[in-house]
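Engineer: For what it's worth, UniProt numbering labels the leading residue of the sequence shown as 1, then goes sequentially.
Please read through the structure below; I'll follow up with questions.
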Amino acid sequence: MGQKNNNRQELDINFLNTIIAALVLTILIYVLALPFQETYVGMLLLKRGFTQFLTVFCAFLVITITVDKYLKISKENKVFKKLGIPEEFSFENHQSVQLLHLQEDLSRTSTMITNRLRRVINAYINSGSRKTVTNFALDDSSFYLSASESSYAVPRILVWAIPLLGFIGTVLGISSAVNGFTGFLENTAEIDQIKEGIGTVTSGLAVAFDTTLLALLLSVVVMIPLVLIERMESNLLLATDIYINDYILPRLNEKQTGEKNDLNTEVIVNTINTTLEKKLPTKEELIKPIKEALPTPEELISPAQIYAQEAAKNLVTEFVNQFHKIYEQEQQLLNTIKEVNAVILEDRNKFIQTFGQQNDLNQSIITNIKELVDLVQKNNETNSQGLVEASQAISQQLNKAAVSLEEKVTSLEASSARIAELKSLQSNLEKIVEVLHNVGDIEKTLVNIQDKITNIQPTLQDLSKPRVIRLVEQIDN
1 MGQKNNNRQE LDINFLNTII AALVLTILIY VLALPFQETY VGMLLLKRGF
51 TQFLTVFCAF LVITITVDKY LKISKENKVF KKLGIPEEFS FENHQSVQLL
101 HLQEDLSRTS TMITNRLRRV INAYINSGSR KTVTNFALDD SSFYLSASES
151 SYAVPRILVW AIPLLGFIGT VLGISSAVNG FTGFLENTAE IDQIKEGIGT
201 VTSGLAVAFD TTLLALLLSV VVMIPLVLIE RMESNLLLAT DIYINDYILP
251 RLNEKQTGEK NDLNTEVIVN TINTTLEKKL PTKEELIKPI KEALPTPEEL
301 ISPAQIYAQE AAKNLVTEFV NQFHKIYEQE QQLLNTIKEV NAVILEDRNK
351 FIQTFGQQND LNQSIITNIK ELVDLVQKNN ETNSQGLVEA SQAISQQLNK
401 AAVSLEEKVT SLEASSARIA ELKSLQSNLE KIVEVLHNVG DIEKTLVNIQ
451 DKITNIQPTL QDLSKPRVIR LVEQIDN
């Protein structure tokens, strides 16, 4: 708060809060207008383009700024009416306890008037010079005038922008009407298209005039209260300056110095009053720049009226010229529709006949499919029985082959046993031959025996070799 007071901005508004409040009010208005969207007001707000929303938002923004300013100024006026310093209050000693208590009392209330009085008294306590306090009060007054003037810059711009938004909506509406008329001339084959084209043209013209109407209406509604509030704030600042100059400054004492003071109180007061009168603008001076900046309703409506009249004339002329062509095309279209209906009826009868024939053919196909299914089932049963019998015969033959294979394996085992016995016999004979070699009398006998053994040696070797027995089995089908 101290920084705000030092900047002389007690009467300024919080733009963030005002923007939020304006947005909430705009949304609320549009929500309340939803049940009445078929009425003129509902159509004016909801069915005339996006510029209507911006126009309403700017208007509510100016209204919230005006209301906020009004509340602050009303509070200051109440404080100003209750404010009063007793006449017996002494300002002779600039460092008296009474002045310190008065400064503390004024600090408890944070308003524009109390802050200005507190700063004046604080300057007097520190300087003790009425001349210094007078200069300080004059500077403080100029600061407040500058802050007040700058605080109205945004709402003035918004008041100037609202009619421009309406004019933008007018241009968009007329452009939509012209484009709709062009599309209407290109698509004139059917009655429904003609109705849609005419509706597009008329809706575009409605947008053009309704946006201008709403913008001008809202600009007038918000501009008058804003000017009045600005005048109230100027009067409040002027009353505060008069109170300080008439009731505070004359009661202050000038610091005693060796030099003679050439200024007296009346000269100072007259100088301050003259300066304030030059600084504060009059009501006409405040309203004049606004009037000069804002275009008049005639200037806003005149281009739209001229353009709309020319567009309406061209629309009527082209509509009359194209109506006969549309009528002829409509007759040709009706004849074509009759021919198409006759062809459709003929095709329908042919389709019904073809559908009956196709139905009979489908029934015969279904019967054939059922017979084929029965035949397949019978063939499957016969084939399954043959497969069972064949599998049984094959299993019997396999059993027989297994038995014969076992017999042959047994005979092979016996043959291998015999071969082993022959090997043992050969070894015994070799031992006998060795014994006979040692006997001299039977040497010849042994030679003969050895020859015989030598003769049977290949046979024995053949018998001792491993043998591979191949079994070939033939199964008769």
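From the three backbone atoms N, C-alpha and C, an ideal C-beta is built for every residue, glycine too.
These numbers were taken from a predicted model, which means no experiment stands behind them.
Does DSSP put Arg156 in a helix, a strand or coil?
Structural biologist: As a first step, residue 156 must be located in the sequence shown, where it is residue number 156. If DSSP states are grouped into helix, strand and coil, Arg156 belongs with the helices.
Engineer: Suppose you measure from the CA of Lys81 to the CA of Val221; what does that come to, to the nearest Å?
Structural biologist: Position 81 of the sequence shown, counting from 1, holds the residue named residue 81. Position 221 of the sequence shown, counting from 1, holds the residue named residue 221. Rounded to the nearest angstrom, the two C-alpha atoms are 30 Å apart.
Engineer: Ends of the alpha helix (DSSP H) at Ser96?
Structural biologist: For the purposes of this step, residue 96 is taken as residue 96 along the sequence shown, with counting starting at 1. Here Ser96 belongs to no alpha helix (DSSP H), and DSSP marks it neither H nor E.
Engineer: Where does Lys47 sit, in a helix, a strand or coil, going by DSSP?
Structural biologist: Reading the sequence shown from its first residue, position 47 is the one you call residue 47. Reduced to three states, the DSSP call for Lys47 is coil.
Engineer: Glu413 by DSSP, collapsed to three states: which one?
Structural biologist: For the purposes of this step, residue 413 is taken as residue 413 along the sequence shown, with counting starting at 1. Helix, per DSSP.
Engineer: Would you tell me roughly how many angstroms separate the C-alpha atoms of Phe136 and Arg118, rounded to the nearest one?
Structural biologist: Translated into positions along the sequence shown, residue 136 becomes position 136. Translated into positions along the sequence shown, residue 118 becomes position 118. Answer to the nearest angstrom: the Cα atoms are 12 Å apart.
Engineer: Might you give, ordered along the chain, the residues of its own chain that have their beta carbon closer than 6 Å to the beta carbon of Leu205, omitting 5 neighbours on each side?
Structural biologist: Sequence index remark: in the sequence shown, residue 205 carries index 205 (1-based). Closer than 6 Å at the Cβ level, and outside the excluded window around Leu205, lie Ala177.
Engineer: For Glu371 and chain C, any beta-carbon pair shorter than 8 Å?
Structural biologist: Looking at the structure shown, chain C is missing, and only one protein chain is on hand.
Engineer: Which whole-angstrom value describes the C-beta separation of Glu254 and Lys131, a residue pair presumed to lie in contact below a C-beta threshold of 8 Å?
Structural biologist: Numbered from its first residue, the sequence shown carries residue 254 at position 254. Numbered from its first residue, the sequence shown carries residue 131 at position 131. Between Lys131 and Glu254 the Cβ distance is about 6 Å, and since that is below 8 Å, they are a contact.
Engineer: Would you mind sorting Phe50 into buried or exposed? The rule is 16 or more other CB atoms within 10 Å of its CB.
Structural biologist: Taking the sequence shown and counting its residues from 1, one reaches residue 50 at position 50. By the neighbour-count rule (16 or more Cβ atoms within 10 Å), Phe50 is not buried but exposed.
Engineer: Could you tell me whether the Cβ atoms of Leu11 and Ile73 are closer together than 8 Å?
Structural biologist: Here the question's residue 11 lines up with position 11 in the sequence shown. Here the question's residue 73 lines up with position 73 in the sequence shown. Taking 8 Å as the Cβ cut-off, Leu11 and Ile73 qualify as a contacting pair.
Engineer: Note down, in chain order, each residue of its chain lying with its Cβ closer than 7 Å to the Cβ of Leu237, except the 5 sequence neighbours on either side.
Structural biologist: For the purposes of this step, residue 237 is taken as residue 237 along the sequence shown, with counting starting at 1. Around Leu237: Tyr144, Leu145 and Ser148.
Engineer: Where does Asp12 sit, in a helix, a strand or coil, going by DSSP?
Structural biologist: Numbered from 1 along the sequence shown, position 12 holds the residue referred to as residue 12. Correct three-state label for Asp12: coil.
Engineer: With three or more C-beta pairs closer than 8 Å as the rule, is the stretch 45 to 59 touching the stretch 95 to 105?
Structural biologist: Flag = no, the stretch 95 to 105 and the stretch 45 to 59 do not touch.
Engineer: CB-CB under 7 Å to Phe19, same chain, minus the five flanking residues each way: which ones, in chain order?
Structural biologist: What you label residue 19 is simply residue 19 of the sequence shown in a count that begins at 1. For the record, residue 19 in the displayed sequence is Ile; it is not Phe. Leu61.
Engineer: Can you tell me whether Gly169 is buried or exposed? The criterion is at least 16 other CB atoms within 10 Å of its CB, across all chains shown.
Structural biologist: Counting from one through the sequence shown, the residue named residue 169 turns up at place 169. Under this definition Gly169 is a buried residue.
Engineer: Rounded to the nearest angstrom, what separates Thr410 and Ser416 at their Cα positions?
Structural biologist: Taking the sequence shown and counting its residues from 1, one reaches residue 410 at position 410. Taking the sequence shown and counting its residues from 1, one reaches residue 416 at position 416. Each residue's Cα considered, the two are about 10 Å apart.
Engineer: Which two residues bound the contiguous alpha helix (DSSP H) that contains Phe89?
Structural biologist: Position 89 of the sequence shown, counted from the start, is the residue given in the question as residue 89. Premise fails: Phe89 is in no alpha helix (DSSP H) and is neither H nor E.
Engineer: Going by DSSP in three states, Phe80 sits in which element: helix, strand or coil?
Structural biologist: As a position in the sequence shown, residue 80 is number 80, starting the count at 1. Looking at Phe80 - three-state DSSP - the assignment turns out to be helix.
Engineer: Whose C-alpha, out of Phe167, Phe209, Ile162 and Pro155, is nearest the C-alpha of Val227?
Structural biologist: Working through the sequence shown from its first residue, we reach residue 227 at position 227. Residue Pro155 is the option with its Cα nearest to Val227.
Engineer: Classify Leu28: buried if its beta carbon has 16 or more other beta carbons within 10 angstroms, exposed otherwise.
Structural biologist: Mapped onto the sequence shown, residue 28 falls at position 28. Classification of Leu28: exposed, given that the 10 Å Cβ count is below 16.
Engineer: So Ser151 and Ile13 are supposed to be a Cβ contact under 8 Å. How far apart are they, rounded?
Structural biologist: The sequence position of residue 151 within the sequence shown is 151, counting from 1. The sequence position of residue 13 within the sequence shown is 13, counting from 1. Indeed they touch by this definition, with Cβ atoms about 7 Å apart.
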